[in-house]
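Before any comments, here is the structure.
There are 2 protein chains.
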Amino acid sequence: MAEEHGPETGSGPRTAILNAAMRLFGKQGYTGTSVRDLATEVGVLPGSLYAHIQSKEALLVEIVADGIHRFITAVEPHAYSAGSPAERLRAMIVAHVEVVAENPERSLVVFHQWRFLGEENLPAAIERRQVYEGCFIKVVEDGVAQGLFKQDINQRIAVFTILGALNWTPEWLSPSGRLSPREVGVLMAETLMRGVLA
Amino acid sequence: MAEEHGPETGSGPRTAILNAAMRLFGKQGYTGTSVRDLATEVGVLPGSLYAHIQSKEALLVEIVADGIHRFITAVEPHAYSAGSPAERLRAMIVAHVEVVAENPERSLVVFHQWRFLGEENLPAAIERRQVYEGCFIKVVEDGVAQGLFKQDINQRIAVFTILGALNWTPEWLSPSGRLSPREVGVLMAETLMRGVLA
DNA sequence: CCTACCGATCGGTAGG
DNA sequence: CCTACCGATCGGTAGG
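Those protein sequence lines, which keep their order, are chains A and B.
Letter by letter, the first sequence follows residues 1 to 198 of my numbering.
Letter by letter, the second sequence follows residues 199 to 396 of my numbering.
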C-alpha cells in the first residue's frame, strides 16, 4: 500500500513509471505518448510495464486524480477560511502557483489531458475540477457580497480570468527561476487583485 | 488560388477538410485525431483526403499559421497605435476575445497543438507566437514607462497573467452566449486592468 | 472520390 | 523483467 498512491513520493518501479508518464503526457500529450515511449523513458521493454500497471489509461487516471487532489488540498482550506476574501484569494493564488511549481509537467497533465479519460473516469475528474473552480467562485462571491471587491465586475468573467491565468502557469513557470514560486504567486495575486493600472 | 488560404472562408472540399480538422484537432488533439476520423467527419473515405491535402501535418501547419495570423492581424495594430497604453491594452484584449469567438476550436489548436508541428515548421510558429506576445510586452512596458501602469508590478509576470487569461478563453468562451464577445473582452480588460479589489 | 492495399506502429498478453 | 507475439489501427499510396 505504501507506494500505491502519490507519484514522486517513493521510489519503486511503479513510481518511476508514473514519473515518466507525467513527463511524457505533459510534453507530448496522452494520445501522443505510446507505451513504448514510456518503456524507453523508464528503461525497460514495453511488455514489462504491465507487471506494474493495468493499462495506459490507468496511469492517466492516477496522475489526474492525484494531481487535482493536490490542488484542492492546497487551495480549498484558504477558500473557506475565516480571513477576508482578499486575504483568502491571495493565499489561494499563491498556493496554486506553489503546487504548479512542485511539478509543472504533472500540472499540464491535470489541466490538459483529463479530456482523454474514458467515460467511467471522466465524470469524477470533471466533478473534482468543479470543486476546485467552486473555491474561486465562492471567494469572489464573498468579496463582492462584503463590498470588498468591485460591485461592477462580472463575477463569472472575473473567475474565468483568474482561473485562466492560473491554469496557464504550467506553460511558463520555472520552479528553478529567479523568483520563488511564492513570489510569483504574490505578484500574480497583486496583478489580478489590483490590476495593472496605476 | 481562391480557396488555398483561410479555412472557414470558401466552400470547396479543401475547406471542408480544414474545418473538420479544426473541430477534431481542437476537441481530440492532433495526435488523438486519425486521418480516418477526419475522413468520417468530412464524409469521404480515408484515402480520398489525399486528393486535397499533402499530409495530416500539412493541415496542422495551415491551421496554426492561419490562426496565429488572425490573432496578430487583429491585435498588433492596437499594440502599436497612438493611443494611451491603457486604451491600447483594452483594445488588444477585446480583439483577442473576438478572434477566439470567431472559432474557439481553431483557437484551441493554435494555443495547444502547435507543439506537434515537425521541426521544419515549429520554429516559424514559435517566432510568430513571440511576435504576438511581444505586442503585450510592448504595451505593458509603455504603460509602466509612462507612469500610467503601476510602477511596482512585475512586467514579466503581468504579461504572463494577461496572456494566460486570454489563452484560456477558448476553453470556456461561447460565441453564442448571453454576452457578446466584445462585452466579454471589455469585462476581462476591466478585471485585468483594475483588478477585483474595490 | 473509391478500391484495395502497404509497412509501421499501436496497446496489450502468454509464458517463462 | 524479457521473449515473442497478437489483432487493430496508424498515415499514406497506386491505380482507376
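We put the CB at the ideal spot given by N, CA and C, even for glycine.
Presumed contact (8 Å Cβ cut-off) between residue i and residue j, rounded CB distance
i: A/T161; j: B/I351; result: No, A/T161 and B/I351 are not in contact; Cβ-Cβ is about 16 Å, not under 8 Å.
i: B/A323; j: B/A363; result: The Cβ separation is near 22 Å, so there is no contact.
i: A/K150; j: B/A396; result: 5 Å
i: B/F314; j: B/N365; result: At roughly 17 Å, the Cβ-Cβ gap does not stay under 8 Å, so B/F314 and B/N365 are not in contact.
i: B/M290; j: B/A277; result: 6 Å
Interface partners of residue i on chain B, CB under 7 Å
i: A/I17; result: Going along chain B, no residue has its Cβ under 7 Å from A/I17, so there is no contact; the nearest lies around 20 Å.
i: A/F149; result: V394, L395 and A396
i: A/A65; result: Residues of chain B passing the Cβ test: none, with the nearest at roughly 20 Å.
i: A/A101; result: Result: empty, since nearest Cβ-Cβ is about 14 Å, beyond 7 Å.
Neighbouring residues, chain A, relative to residue i (Cβ below 7 Å)
i: B/M391; result: G195, V196 and L197
i: B/F223; result: Within chain A, no residue comes near B/F223; the closest Cβ sits about 11 Å away, beyond 7 Å.
i: B/T359; result: A165, M188, T191 and L192
i: B/G341; result: V196
i: B/L382; result: Looking at the sequence itself, residue 382 of chain B is Val, so the reference to Leu does not match. Neighbours of B/V382 on chain A, chain order: I157.
Cross-chain neighbours of residue i in chain A, by beta carbon under 8 Å
i: B/I351; result: L187, E190, T191 and V196
Neighbour list for residue i in chain A, Cβ cutoff strictly below 9 Å
i: B/F314; result: Q28, G29 and G32
i: B/V338; result: V196
i: B/A284; result: V196 and L197
Nonlocal neighbours in the same chain, by C-beta distance under 6 Å from residue i, ignoring five residues either side
i: B/E202; result: Its pLDDT being 45, under 50, B/E202 is placed unreliably by the model, and the measurement read from it follows with that caveat. Around B/E202: no qualifying Cβ.
i: A/P175; result: A101
i: B/P379; result: V295, E296 and A299
i: B/T238; result: none
i: A/Q113; result: F25 and Y30
i: A/E119; result: none
i: B/A249; result: none
i: B/T271; result: none
i: B/V242; result: none
i: B/E325; result: none
Given residue i as reference, the closest of the options once Cα atoms are compared
i: A/R129; options: A/E171, A/A16, A/T40 and A/F71; result: A/F71
i: A/D68; options: A/G12, A/L122, A/G10 and A/W172; result: Looking at the sequence itself, residue 68 of chain A is Ile, so the reference to Asp does not match. Considering only alpha carbons, the answer is A/L122.
i: A/L89; options: A/A39, A/E120, A/P175 and A/A158; result: A/A158
i: B/G210; options: B/I251, B/T238, B/A272 and B/L243; result: B/I251
i: A/P77; options: A/V131, A/G147 and A/S180; result: A/V131
i: A/V75; options: A/C135, A/E171 and A/Q113; result: A/C135
i: B/M391; options: B/P368, B/V240, B/L361 and B/E331; result: B/L361
i: A/G195; options: B/V242, B/T367, B/G245 and B/V342; result: B/V342
i: A/A189; options: A/E133, A/V44, A/A51 and A/E87; result: A/E87
Within chain B, partners of residue i - CB distance below 9 Å
i: A/H112; result: G227 and H310
Own chain, CB closer than 8 Å to residue i, minus 5 neighbours either side, in chain order
i: A/L173; result: V97, V100, A101, P104, P181 and V184
i: B/R376; result: none
i: B/V240; result: P211, A214, I215, A218 and L247
i: B/Q353; result: I335, V338, E339 and V342
i: A/R36; result: P46
i: B/M199; result: With a pLDDT of 40 at B/M199, under the threshold of 50, the modelled position of this residue cannot be trusted, and the question is left open.
i: A/E133; result: V159 and L163
Contacts around residue i, its chain only, beta-carbon distance under 7 Å, and the 5 residues preceding and following it disregarded
i: A/V109; result: M22, F25, G26, I63, V64 and G67
i: B/Q344; result: P283
i: B/P368; result: V298, P302, S305, L306 and F309
i: A/L148; result: S84, P85 and A86
i: A/L38; result: I17, A20, A21, L24 and L49
Contacts that residue i makes with chain B (C-beta to C-beta distance below 8 Å)
i: A/I68; result: By Cβ distance, chain B contributes nothing, its closest Cβ being about 16 Å from A/I68, past 8 Å.
i: A/T169; result: F358 and G362
*How about the segment 134-151 of chain A and the segment 56-69 of chain A: do they share at least three Cβ pairs that are nearer than 8 Å?*
Counting Cβ pairs under 8 Å, fewer than three are found: no touch.
_Across the segment 365-385 of chain B and the segment 293-305 of chain B, are there enough close Cβ pairs to call them in contact, namely three or more that are closer than 8 Å?_
In this structure the segment 365-385 of chain B touches the segment 293-305 of chain B; the number of beta carbon pairs closer than 8 Å is three or more.
*With a cut-off of 8 Å, do at least 3 Cβ pairs link the segment 31-42 of chain A to the segment 225-233 of chain B?*
At 8 Å Cβ cutoff, the stretches touch.
_Three Cβ pairs or more, each shorter than 8 Å: is that satisfied between the segment 8-24 of chain A and the segment 302-316 of chain B?_
At 8 Å Cβ cutoff, the stretches do not touch.
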